[in-house]
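Down below is the structure, laid out as C-alpha cells.
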Amino acid sequence: MRQEAAVVKRNEVKSNGVDDAYDLSKYGFGECEMDSGSGASRLFSLLASKDRDFLLSPSGSQVKIADLEGKIVGIYFSANWYQPCHKFTPVLANAYEQLKNSDPGFEIVFVSSDEDVNAFDDYRSSMPWLAVPFSDLELKRALSRRFDVEGIPCLIILQPNNCKGDSIVIDGVDLIYRYGVQAYPFTKERVEELLEKEKDKHENQTLRDLLTNHERDFLISHKIPKQVSVASLIGKTIGLYFSAKWCFPGVKFTPKLASIYQKINQESSLNSHHQDFEIVFVSSDHDQTSFLSYFQTMPWLALPYGDPNIKALTKHFDIRGIPSLVILGPDGKTVTKQGRNLLNLYQENAYPFTEARVEFLERQADEAAKNLPKSEFHSGHGHRLTLVSQGNGGGPFICCDCDEQGSGWAYQCIECGYEVHPKCVRVVDNGP
Ligand SMILES: [Zn+2]
Ligand SMILES: [Zn+2]
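To convert, note that position 282 of the sequence shown is 300 in this note's numbering; the numbers rise steadily by one, no gaps.
Have a look at this one:
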C-alpha cells in the first residue's frame, strides 16, 4: 500500500519516532537556480510556454503572466481525484481570500494533475486563483521536474524579484496547515520567527495549562469520584488520545490501546504500587451521545464533551488526523506525537515513549531482524514478501494487514507494493 504510505509524509514519521517540529530545513528553503540571463523574468520563464503568455482566471479569462511580476506566487500542484488535495484546497482558499483582502501582492497558480479537462474545470471552480491551462501538459511536467514534486498536494512559494537564498519554500502545504495566514509572507525570517514562538510555547507548556481552564480543573472519569483533578496527574506520563466515534480507524484502534494501557499499568503497579501512565480522551465527536457511548469503551479519563481545551489542544499539537496519541512526560512536556505509531510497532514495550526507549527498541528490532527470514509467504497475500528496512527499500508505510502505520522493518511485495509489519505476517509454506 505504498501509494497510501506516501500520504504520511516522510518528515512526519522519523524512524525513531521523535518529532522534528522546529526544524526549519523541512520547509526546504532553497536556492533558485533559474538562469535569468535571457532577460525574461524568472516567473515568465517558469509559467509561459512557446505560444502562451497568459494563465486562466477563475472565470476563464486570460491573465498575463507579466501581471504577476513583483508578487509572491504560490504554485499549487493538486488533483481532484486525490482526497488529501480535497482536504487542503478549501484551507488554502480560505487563507488566500484573507490574504487577498489585506495584500494584493499574493497570487496562486494551480497546476493540475487531473485526468481530463472536465475534472480540471470542475475542480478549478472551487479555486479563487489562477491556473495553467489543462492542455499545457508539457509545462506541467517541466514544473514538476523543476521543483522535484514527489507528492500532491504541493505548494511551492516563490518570492519576488531576487534569486537569492530563501526564494523558494517547498512545503507550503505544511506552513498553511500549521500557521494559516500567519505564515505570510512565507520568508525564511517569518518562518523562523513562527517556529521560535512555537518552540517557546511548547517548552513552557504545563499539564495545568493544557488540560484546565477558568471553569474546570478536573477531568471526567467512569469511576467514583466522577471527577479527577488535573493536579493529581502531575508526575505521570500522559497520553492525549485524539479520537472520535465517527472515525473508523479510531474505533478500531481504541480496544488495542485499552489493552496496552492495562498492561502498562499492571506492570507499573507491580513496581511502584501506583499508576504511572494515564490517558485522556480528547474527543472530536459531533454530539454528546456519541461521545458518551464511545467514552464508555475506554478505561481512562476524558475532557468533557465540547470543552474549549479540545480545540486549543488540537491546534497546539497540530493534529491533522485522528486517531492520534500525543505523549507528555512526567514534567508535562511533549515526549512524542507518534504515540500511536510507536504502540503499533512495539505495543506496551513502547512505554515510556522516550527517545532513549525508542532507540533501545530499534536496536532490539534490528537484532531480532537478523534472525528473520529474508523472505516469507504470508497467508494474506499471493506473492513472496521480502524483508526490507528503513535504509533498504523500506520506509514509513501503512501495514496492509492491520491498517496501522509502520516504519523500520517490514515485509514487502516487490511486485505490488503490499507491505506488512513483521509481526503481522502469518507464515504459510508457499504461495496460496
Ligand atoms: Zn500490521
Ligand atoms: Zn504482490
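Positions of the beta carbon are idealized from the N, C-alpha and C atoms, including for glycine.
* Taking just the CA atoms, how far does LYS241 sit from VAL445? -> 43 Å
* Simplified DSSP state of ARG240, which is helix, strand or coil -> Sequence check: residue 240 is His here, not Arg. DSSP places HIS240 in coil when its eight states are reduced to three.
* ILE90 - containing beta strand (DSSP E), residue span -> ILE90: member of the beta strand (DSSP E) spanning 90 to 96, first to last residue.
* To do: Taking 5 Å as the limit, tell me which residues put their C-beta closer than that to any heavy atom of ligand 2, in chain order.
  => HIS401, CYS431, GLU433, CYS434, TYR436
* **Check whether GLU385 and VAL443 have beta carbons under 8 Å apart** => no
* Distance CB(PRO341)-CB(PHE271) smaller than 8 Å -> Yes, they are a contact pair.
* To do: Measure the CB-CB distance between ILE188 and GLY92 and report whether it falls below 8 Å.
  => In this structure, GLY92 does not lie closer than 8 Å to ILE188 by Cβ.
* Any non-hydrogen atom of ligand 1 within 7 Å of HIS396 CB -> no
* With a 10 Å radius around its C-beta and 16 neighbouring C-beta atoms as the bar for buried, classify TRP99 as buried or exposed. => exposed
* Can you name, in chain order, every residue of its own chain whose Cβ lies under 8 Å from the Cβ of SER56, other than the five neighbours on each side? -> Any answer about SER56 is weak, because its pLDDT of 47 lies below 50 and its placement is not dependable; what the coordinates show is given next. Here the set comprises SER63.
* Asked: How far does the alpha helix (DSSP H) with LEU213 in it reach, from first residue to last?
  -> 206 to 221
* To do: Leaving aside the five residues before and after TYR436 along the sequence, list all residues of the same chain whose C-beta is less than 6 Å from its C-beta, in chain order.
  => HIS399, CYS418
* To do: Specify the secondary structure class of LYS82 as computed by DSSP and reduced to three states.
  => strand
* Is it true that the stretch 109 to 117 meets the stretch 76 to 83, where meeting means three or more beta-carbon pairs spaced less than 8 Å apart? -> no
* alpha helix (DSSP H) runs contained entirely in the stretch 91 to 167, provided each spans 4 or more residues -> Counting only runs of 4+ residues, the alpha helix (DSSP H) found wholly inside the stretch 91 to 167 occupies 101 to 120, 135 to 142, 155 to 164, in chain order.
* Asked: Cβ atoms of LEU360 and THR352: under 8 Å apart, would you say?
  -> Contact flag unset, no.
* Asked: For HIS232, is the classification buried or exposed, using 16 other Cβ atoms within 10 angstroms of its Cβ as the cut-off for buried?
  -> exposed
* Asked: DSSP beta-bridge partners for HIS334?
  -> Answer is none; HIS334 lacks a bridge partner.
* To do: Specify, as a first and last residue, the run of the beta strand (DSSP E) that LEU405 falls within.
  => 403 to 406
* Asked: Where DSSP assigns a beta bridge to GLN423, which residues make up the other side?
  -> ILE416
* Asked: In the DSSP assignment, what residue or residues form a beta bridge with GLN430?
  -> THR404, GLU437
* **beta strand (DSSP E) segment containing VAL298, residue limits** => 295 to 301
* DSSP three-state assignment for SER54, whether helix, strand or coil -> Because SER54 carries a pLDDT of 46, less than 50, the predicted location of this residue cannot be relied on, and no value is offered for it.
* Go through its chain and collect everything with a Cβ distance to ASN34's Cβ below 6 Å, but skip five positions before and after it. => Because ASN34 sits at a pLDDT of 36, beneath the cut-off of 50, its placement in the model cannot be relied upon, and the point is left open.
* ligand 1 heavy atoms versus the CB of ASP121: any closer than 7 Å? -> no
* Would the stretch 190 to 203 and the stretch 156 to 169 be scored as touching if the rule is three or more Cβ pairs under 8 Å? -> no
* Around the C-beta of HIS304, are 16 or more other C-beta atoms found within 10 angstroms, so that it is buried, or is it exposed? -> exposed
* Note down the Cα distance separating ARG163 from GLN365, rounded to an integer number of angstroms. => 41 Å
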